[in-house]
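Presented below is the structure to which this report refers.
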Amino acid sequence: MKHLFLLRHAKSSWEDPTLADHERPLSSHGETQAAAIAAGLQRRGVFVGTVYASPAVRAQQTLTELSRALPGLALKSRAHNEPALYNFEAKAIMHWLVVENPRAERITLVGHNPALKQLAQQLAPKAAAKLPTLGMLHLALPIDSWEEIENVKTGGELIDSLTPIDASYALFKHKMSSQPKRKKRLKNKKLPKRLQTMLQHHYGLVRALEPGVIAGEDPEFLHQYRVNLRRSRAVAEAVRAVIKVPKLKKALKRIKKRAQATSELRDLDVFLLDVSDTPDLPQLGVPLRQWLRDAARQRQQALCEELASEAYQDDMQRWQTLIASDAFARALNTLKPKQITRVLEERIARHDEQLAELKPDAPDEALHELRKSVKRIRYLAELMPEQYSDFLKRLKPRQKLLGDFQDCTVQLAWLDIFEREQPLPDAAKAELHAWRQTLITRQEHQREQVCQLAPLAL
1 MKHLFLLRHA KSSWEDPTLA DHERPLSSHG ETQAAAIAAG LQRRGVFVGT
51 VYASPAVRAQ QTLTELSRAL PGLALKSRAH NEPALYNFEA KAIMHWLVVE
101 NPRAERITLV GHNPALKQLA QQLAPKAAAK LPTLGMLHLA LPIDSWEEIE
151 NVKTGGELID SLTPIDASYA LFKHKMSSQP KRKKRLKNKK LPKRLQTMLQ
201 HHYGLVRALE PGVIAGEDPE FLHQYRVNLR RSRAVAEAVR AVIKVPKLKK
251 ALKRIKKRAQ ATSELRDLDV FLLDVSDTPD LPQLGVPLRQ WLRDAARQRQ
301 QALCEELASE AYQDDMQRWQ TLIASDAFAR ALNTLKPKQI TRVLEERIAR
351 HDEQLAELKP DAPDEALHEL RKSVKRIRYL AELMPEQYSD FLKRLKPRQK
401 LLGDFQDCTV QLAWLDIFER EQPLPDAAKA ELHAWRQTLI TRQEHQREQV
451 CQLAPLAL
């Protein structure tokens, strides 16, 4: 078995029309791409074997930028400059592999489209139809030597892939910025059309975020995926509270299930970020971070399997069909703003009751329920942002306080599990107990602040 990694060069510049094609350098966006994807490529073993690169300036500068992001690999100095890779035909690269017949089990080719994309499609039928700049495809080939590659005949397997916009939420957001913003899409729409447009907008984002969630390189993808699922559920629950919509109850259960499947992974992501920002853990930091990464990796794998499942795809398709249906639109047309206002007032009243009943020794779950209540109120108020703009500003610090409390609660629970599962030397145990006490003290202070909050009543 041989492993072939195909890596297209980063985004190049067309600013200077006097340059020949092979002289074109990277653009600033290409440099950003390299910084964003480098660690993800390394984790996928892209640079473990022999690396060959086109002599074109944009390919060589891609190696330079990747080397800068991965200084320990000496990537630029050990990569082979291969003139045959400055080519745009898959057939020519295939011929070079046969003639060159590299000894390495794993090789990486840094080159150009359409040659790389066509080569992948010839070798592995499931290879992506597109290979964007600095996109990577990992193919496993059932051959013993590279000179046999011409005999593969679509018998290869696509093992993995990665693109810059799936590795970096910032790049994903930059790409999405060319699409109409939610505010613009909702502007001047009456409530029924606003709600349907909002649900379709959130659905579109959920599906667009899935590749980044699966890649698992940037935790912000998962966070935004959860946010859009929760917003979808909150809007639909508000609708269901005031009007009857066939099939909505069952669809909401499916959406809730999909959101819940991400909870532990998101908690671990947040904890890992907090541990990284806590410098005073010389003995505890390394084993704790490794344990958290292992736990996150297990849950990431389970989530990837779920997102790839037929059941998940069916649930998402049913949801999209429902919110885009004429029957749903007709039901929404019976909805009046005052009905939403009534539901909002009921939820605020319930929140204020929960807050009034809250005692200093209340269980953590009571504050968690209060936090969920604030979120639902916020999502509901956002259906009519012009009317509730000041109210929404009041909600933001309250939601953050309750979120910080929940983070402490979850982290204390993870620390307990870690201590039970992981043997630790005395010095690391002392650090763990000291940090646990810090979290408990912080949590108690946050609890006091929550108990002192004023009612939300409009």
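Following UniProt numbering, the numbering of the sequence shown begins with 1 at its first residue and continues without gaps.
We put the beta carbon where it would ideally sit given N, CA and C, even for glycine.
Close Cβ partners of residue i (< 8 Å) along its chain, the five nearest in sequence each way excluded
| i | result |
| --- | --- |
| residue 371 | 399, 402, 403, 405 and 406 |
| residue 359 | 451 |
| residue 159 | 3, 138, 139 and 140 |
| residue 392 | 378, 381, 382 and 385 |
| residue 307 | 210, 213 and 214 |
Burial state of residue i (16 or more Cβ within 10 Å)
| i | result |
| --- | --- |
| residue 377 | buried |
| residue 201 | buried |
| residue 127 | buried |
| residue 190 | exposed |
| residue 168 | buried |
| residue 458 | exposed |
| residue 267 | buried |
| residue 99 | exposed |
| residue 460 | Outside the shown range of the chain (1 to 458) lies residue 460, about which nothing can therefore be said. |
| residue 7 | buried |
| residue 408 | buried |
| residue 276 | exposed |
| residue 435 | buried |
| residue 433 | exposed |
| residue 87 | buried |
| residue 313 | exposed |
| residue 445 | exposed |
| residue 74 | exposed |
| residue 65 | buried |
| residue 413 | exposed |
| residue 142 | exposed |
| residue 164 | buried |
| residue 373 | buried |
| residue 330 | exposed |
| residue 18 | exposed |
Rounded separation between residue i and residue j - CA only
| i | j | result |
| --- | --- | --- |
| residue 426 | residue 411 | 21 Å |
| residue 206 | residue 96 | 42 Å |
| residue 324 | residue 285 | 49 Å |
| residue 300 | residue 102 | 35 Å |
| residue 144 | residue 1 | 6 Å |
| residue 222 | residue 262 | 8 Å |
| residue 356 | residue 441 | 23 Å |
| residue 352 | residue 456 | 6 Å |
| residue 149 | residue 94 | 7 Å |
| residue 354 | residue 240 | 23 Å |
| residue 462 | residue 296 | This structure gives no information on residue 462, because the portion of the chain shown stretches from 1 to 458. |
| residue 121 | residue 228 | 34 Å |
| residue 311 | residue 20 | 51 Å |
| residue 209 | residue 203 | 10 Å |
| residue 459 | residue 375 | Given a span of 1 to 458 for the chain in the structure shown, any question on residue 459 remains unanswerable. |
| residue 24 | residue 13 | 6 Å |
| residue 156 | residue 124 | 4 Å |
| residue 83 | residue 294 | 42 Å |
| residue 153 | residue 115 | 16 Å |
| residue 118 | residue 175 | 25 Å |
| residue 230 | residue 162 | 27 Å |
| residue 71 | residue 38 | 11 Å |
beta-carbon residue i near the ligand FMN non-hydrogen atom, thresh 7 Å
| i | result |
| --- | --- |
| residue 213 | Ligands are entirely absent from the displayed structure, and the ligand FMN is therefore not among its contents. |
Cβ-based neighbour list, residue i, same chain, cut-off 7 Å, excluding 5 preceding and 5 following
| i | result |
| --- | --- |
| residue 418 | 288 and 291 |
| residue 104 | 49 and 50 |
| residue 348 | 377, 456, 457 and 458 |
| residue 396 | none |
| residue 453 | 355 and 398 |
| residue 89 | 115 |
| residue 366 | 358 |
Presumed contact (8 Å Cβ cut-off) between residue i and residue j, rounded CB distance
| i | j | result |
| --- | --- | --- |
| residue 62 | residue 85 | No, residue 62 and residue 85 are not in contact; Cβ-Cβ is about 12 Å, not under 8 Å. |
| residue 42 | residue 171 | In fact, because the Cβ distance is near 18 Å, the residues do not count as touching under 8 Å. |
| residue 315 | residue 233 | With 8 Å as the limit, residue 315 and residue 233 do not qualify as a contact, their Cβ atoms being about 13 Å apart. |
| residue 217 | residue 40 | 4 Å |
| residue 196 | residue 332 | 6 Å |
| residue 113 | residue 134 | Between residue 134 and residue 113 the Cβ distance is about 11 Å, and since that is not below 8 Å, they are no contact. |
| residue 252 | residue 238 | The Cβ separation is near 11 Å, so there is no contact. |
| residue 57 | residue 5 | The pair is not a contact, with the Cβ atoms about 21 Å apart (cut-off 8 Å). |
| residue 166 | residue 219 | In fact, because the Cβ distance is near 13 Å, the residues do not count as touching under 8 Å. |
| residue 111 | residue 54 | 5 Å |
Residues near residue i by beta carbon distance below 6 Å, same chain, minus five either side
| i | result |
| --- | --- |
| residue 213 | 221, 222 and 225 |
| residue 283 | 427, 428 and 431 |
| residue 10 | 26, 30, 33, 34, 62, 133 and 134 |
| residue 380 | 238 and 344 |
Proximity test, Cβ basis, 8 Å: residue i and chain C
| i | result |
| --- | --- |
| residue 362 | Considering every chain present, this structure includes no chain C. It has just one protein chain. |
(Q) Does the stretch 122-140 come into contact with the stretch 73-81, if we say contact requires no fewer than three beta-carbon pairs (one atom in each stretch) closer than 8 Å? (A) No, because fewer than three Cβ pairs between the stretch 122-140 and the stretch 73-81 fall closer than 8 Å, the two stretches do not touch.
**Q.** At least 3 beta-carbon pairs within less than 8 Å: the stretch 335-349 vs the stretch 244-251
**A.** Of all C-beta pairs linking the stretch 335-349 to the stretch 244-251, fewer than three are shorter than 8 Å, placing the two stretches out of contact.
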